[in-house]
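Colleague: For reference, the structure I am asking about is given below.
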Amino acid sequence: MQGRRSGTLRDLRRENRSAVLWSLYFDRPRSRQDLGAATGLSPASVTNVVRELLDEGIVTEVGSQDSDGGRPRRLLDVCAEHGFVIGVDVGETRVRTTLYDLTLVERAKADLSYGPGEYDMDVVVRAVADSLHAVLADAAVDPASVLGVGIGVPGIVEQGPEAVVHGQSVHWDAVPLERLLRAHTDLPLRLENCAKTTGQAELWFGAGRGARTAAVALIGTGVGASLVSGGSIYRGVNSSAGEWGHTTIIADGRRCRCGSYGCLEAYVGAEAILDRFTGPASASDSTSTSESTSAGDEESALAALVAMDDSPAAQALLAQTAEYLGIGIANLINLFNPERVILCGWAGLLLGGKLLPAIRSAAERYSLRHPFAATTVELGRLGPESVVLGAATLPLEGFLNGAIGHRP
Numbered sequence: 047m048q049g050r051r052s053g054t055l056r057d058l059r060r061e062n063r064s065a066v067l068w069s070l071y072f073d074r075p076r077s078r079q080d081l082g083a084a085t086g087l088s089p090a091s092v093t094n095v096v097r098e099l100l101d102e103g104i105v106t107e108v109g110s111q112d113s114d115g116g117r118p119r120r121l122l123d124v125c126a127e128h129g130f131v132i133g134v135d136v137g138e139t140r141v142r143t144t145l146y147d148l149t150l151v152e153r154a155k156a157d158l159s160y161g162p163g164e165y166d167m168d169v170v171v172r173a174v175a176d177s178l179h180a181v182l183a184d185a186a187v188d189p190a191s192v193l194g195v196g197i198g199v200p201g202i203v204e205q206g207p208e209a210v211v212h213g214q215s216v217h218w219d220a221v222p223l224e225r226l227l228r229a230h231t232d233l234p235l236r237l238e239n240c241a242k243t244t245g246q247a248e249l250w251f252g253a254g255r256g257a258r259t260a261a262v263a264l265i266g267t268g269v270g271a272s273l274v275s276g277g278s279i280y281r282g283v284n285s286s287a288g289e290w291g292h293t294t295i296i297a298d299g300r301r302c303r304c305g306s307y308g309c310l311e312a313y314v315g316a317e318a319i320l321d322r323f324t325g326p327a328s329a330s331d332s333t334s335t336s337e338s339t340s341a342g343d344e345e346s347a348l349a350a351l352v353a354m355d356d357s358p359a360a361q362a363l364l365a366q367t368a369e370y371l372g373i374g375i376a377n378l379i380n381l382f383n384p385e386r387v388i389l390c391g392w393a394g395l396l397l398g399g400k401l402l403p404a405i406r407s408a409a410e411r412y413s414l415r416h417p418f419a420a421t422t423v424e425l426g427r428l429g430p431e432s433v434v435l436g437a438a439t440l441p442l443e444g445f446l447n448g449a450i451g452h453r454p
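Next comes the structure, spelled out in structure tokens:
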């Protein structure tokens, strides 16, 4: 939430509304007195905001609690049915879409797959559009009650009148994705890089909650990061901050999907790990993994690889992957000095579930002692759905920021 500032009466009203909504949303239920203490607003200001929110059906009274010697205090909560938000994860092998009520309880979901490397924009746009229609139909939700759709994408999102996506690794060059989607839906859209949506989800609800500085590392087919500074996502001058996967760890190393050489992604991304394992040096140990990969199921293939305890080649590759990942995390620690480094994404959770001690050990070896001592390296708490949940927080964030005149 933005800091408070002076301005017009409308600005002040919006800021008061925002302060009450944020406080109530993350600590429900609360009394008016609790909200006043948490926000610093006067009792009269809290009463005015709460009355407005009750009249609009955003907030509801849900009982009372005893007070010290006075009348019982009425408790307030967010009305789950007031509106809905949708999160979309445009992954590199599928589109995952979930419709939530206003309290982020899941109401419907859709999962549409396409083959690895099938980044044709017509395929992606159709998959997103079909998934939006599917979740609205499954939940029997009127589109007019949807506050907005957040979409996490694998690339840099250039914000403007229409969001444009630059996805060098997937060969998207200034793709006008928002405009293409608007041909299929009238719902309000907001696009963001998928690592940043994951970072926001972990910051709000997961392992990043309460942190002022954190690095949320997203590992799937590719690799990215979300940098949290001052409790908010740091985006940089043109929203490209956090392209951690394309930092160089080996000079003149393996060719990366972005076209450069020696990138971290070329060693710890799921596609790169499987490619390294199914190469000639380890072909005798990689039959089942290779079959899974040829079927387009990266997740099953990587899970099979991680489970190969009796394969010396697999174990050597995983040890090397932990080393490379530790180097990448050490770079984050030395450059950014975060309180926490949080390993997320379906591949990150798979690797971290088995290799976290080795990853921490490698990070310690390559970090400066003082910043490493102030950092924890841990797994994300929200599971593989963190991208889609984080995407849903994008329209929710605008709502909590006190938007007046929102969709009824």
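According to our numbering, the residues represented by the sequence shown are 47 to 454, in order.
For every residue, glycine included, the Cβ atom is placed at its ideal position computed from N, Cα and C.
All of these numbers come straight from a predicted model, not from anything done at the bench.
According to DSSP, is G291 helix, strand or coil?
Modeller: Within the sequence shown, the letter at position 245 stands for residue 291. Looking at G291 - three-state DSSP - the assignment turns out to be helix.
Colleague: Could you name the residues that DSSP lists as bridge partners for E385?
Modeller: One-based indexing of the sequence shown puts residue 385 at position 339. DSSP output for E385 lists no bridge partner at all.
Colleague: May I ask which residues mark the beginning and end of the alpha helix (DSSP H) holding Q205?
Modeller: As a working mapping, residue 205 is identified with position 159 in the sequence shown. Looking at the DSSP string, Q205 is not in any alpha helix (DSSP H), and its letter there is neither H nor E.
Colleague: Closest to L150 by CA distance: which of G256, Y71, Y370 and V108 is it?
Modeller: Numbered from 1 along the sequence shown, position 104 holds the residue referred to as residue 150. The shortest Cα separation from L150 among G256, Y71, Y370 and V108 belongs to Y71.
Colleague: What three-state label does DSSP hand T335 in the structure shown?
Modeller: Position 289 of the sequence shown holds residue 335. Note that T335 has pLDDT 42, beneath the 50 cutoff, so the model's placement of it is unreliable and no number is given.
Colleague: Alpha carbon to alpha carbon, what distance is there between A297 and D176?
Modeller: Taking the first residue of the sequence shown as position 1, residue 176 is located at position 130. Taking the first residue of the sequence shown as position 1, residue 297 is located at position 251. Going by the C-alpha atoms only, they are around 43 Å apart.
Colleague: How far does the alpha helix (DSSP H) with G436 in it extend, from its first residue to its last?
Modeller: For the purposes of this step, residue 436 is taken as the residue at position 390 of the sequence shown. Residues S432 to L446.
Colleague: How should S88 be labelled, buried or exposed, when 16 other C-beta atoms within 10 angstroms of its C-beta is the threshold for buried?
Modeller: Position 42 of the sequence shown, counting from 1, holds the residue named residue 88. Classification of S88: exposed, given that the 10 Å Cβ count is below 16.
Colleague: Answer yes if the region 391-402 comes into contact with the region 423-437, meaning at least three C-beta pairs across the two stretches below 8 Å, and no otherwise.
Modeller: Yes, since at least three Cβ pairs between the region 423-437 and the region 391-402 fall closer than 8 Å, the two stretches touch.
Colleague: Express the C-alpha separation of A90 and E98 in angstroms, rounding to a whole number.
Modeller: Locating residue 98 in the sequence shown gives position 52, counting from the first residue. Locating residue 90 in the sequence shown gives position 44, counting from the first residue. Those two C-alpha atoms are separated by around 12 Å.
Colleague: What are the residues that DSSP puts in a beta bridge with F456?
Modeller: Past the edges of the chain, shown from 47 to 454, lies residue 456, and the structure says nothing about it.
Colleague: Are L235 and E224 close, meaning C-beta to C-beta below 8 Å?
Modeller: Translated into the one-based positions of the sequence shown, residue 235 becomes position 189. Translated into the one-based positions of the sequence shown, residue 224 becomes position 178. Closer than 8 Å, so yes.
Colleague: Is Y160 helix, strand or coil when you go by DSSP?
Modeller: The residue given as residue 160 occupies position 114 in the sequence shown. If DSSP states are grouped into helix, strand and coil, Y160 belongs with coil.
Colleague: Pull up the distance between the alpha-carbon of S272 and that of T144, whole angstroms please.
Modeller: By 1-based counting over the sequence shown, the position of residue 272 is 226. By 1-based counting over the sequence shown, the position of residue 144 is 98. Whole-angstrom Cα-Cα distance: 22 Å.
Colleague: Round the Cβ separation of G282 and L310 to the nearest angstrom and send it over; I've been treating them as touching at under 8 Å.
Modeller: Sequence index remark: in the sequence shown, residue 282 carries index 236 (1-based). Sequence index remark: in the sequence shown, residue 310 carries index 264 (1-based). Not confirmed; about 18 Å, so no contact.
Colleague: For a quick check, are the C-beta atoms of T367 and Y313 less than 8 Å apart?
Modeller: The sequence position of residue 367 within the sequence shown is 321, counting from 1. The sequence position of residue 313 within the sequence shown is 267, counting from 1. Yes, Cβ-Cβ distance for T367 and Y313 is below 8 Å.
Colleague: Using DSSP's beta-bridge definition, name the partner residues of E152.
Modeller: For this step, residue 152 is matched to residue 106 along the sequence shown. Per DSSP, Y146.
Colleague: Following the continuous beta strand (DSSP E) through D166, name the residue where it begins and the one where it ends.
Modeller: Against the sequence shown, residue 166 aligns to sequence position 120. Looking at the DSSP string, D166 is not in any beta strand (DSSP E), and its letter there is neither H nor E.
Colleague: Anyone know if the C-beta pair for V262 and E248 falls short of 8 Å?
Modeller: The residue labelled residue 262 in the question sits at position 216 within the sequence shown. The residue labelled residue 248 in the question sits at position 202 within the sequence shown. Contact flag set, yes.
Colleague: Specify the secondary structure class of T421 as computed by DSSP and reduced to three states.
Modeller: The residue you call residue 421 lines up with position 375 of the sequence shown. T421: coil per DSSP, three-state reduction.
Colleague: Grouping DSSP H, G and I as helix and E and B as strand, with all else coil, what is A368?
Modeller: In the sequence shown, the residue the question calls residue 368 occupies position 322. Correct three-state label for A368: helix.
Colleague: Among the residues of its own chain, which have a CB less than 7 Å from the CB of W392, if the five just before and after it don't count?
Modeller: What you label residue 392 is simply residue 346 of the sequence shown in a count that begins at 1. Cβ within range, chain order: G266, E345 and P430.
Colleague: Can you find the residues in the same chain that come closer than 7 Å, C-beta to C-beta, to P441, ignoring five residues on each side of it along the sequence?
Modeller: Position 395 of the sequence shown, counted from the first residue, corresponds to residue 441. Same-chain partners within the cutoff: V131, L193, G194, V195, G196, P234 and R236.
Colleague: For the alpha helix (DSSP H) that Y313 lies in, which residues bound it at each end?
Modeller: As a first step, residue 313 must be located in the sequence shown, where it is residue number 267. Segment E311 to V314, the alpha helix (DSSP H) holding Y313.
Colleague: What three-state label does DSSP hand I279 in the structure shown?
Modeller: What you label residue 279 is simply residue 233 of the sequence shown in a count that begins at 1. DSSP, read as helix, strand or coil, puts I279 in strand.
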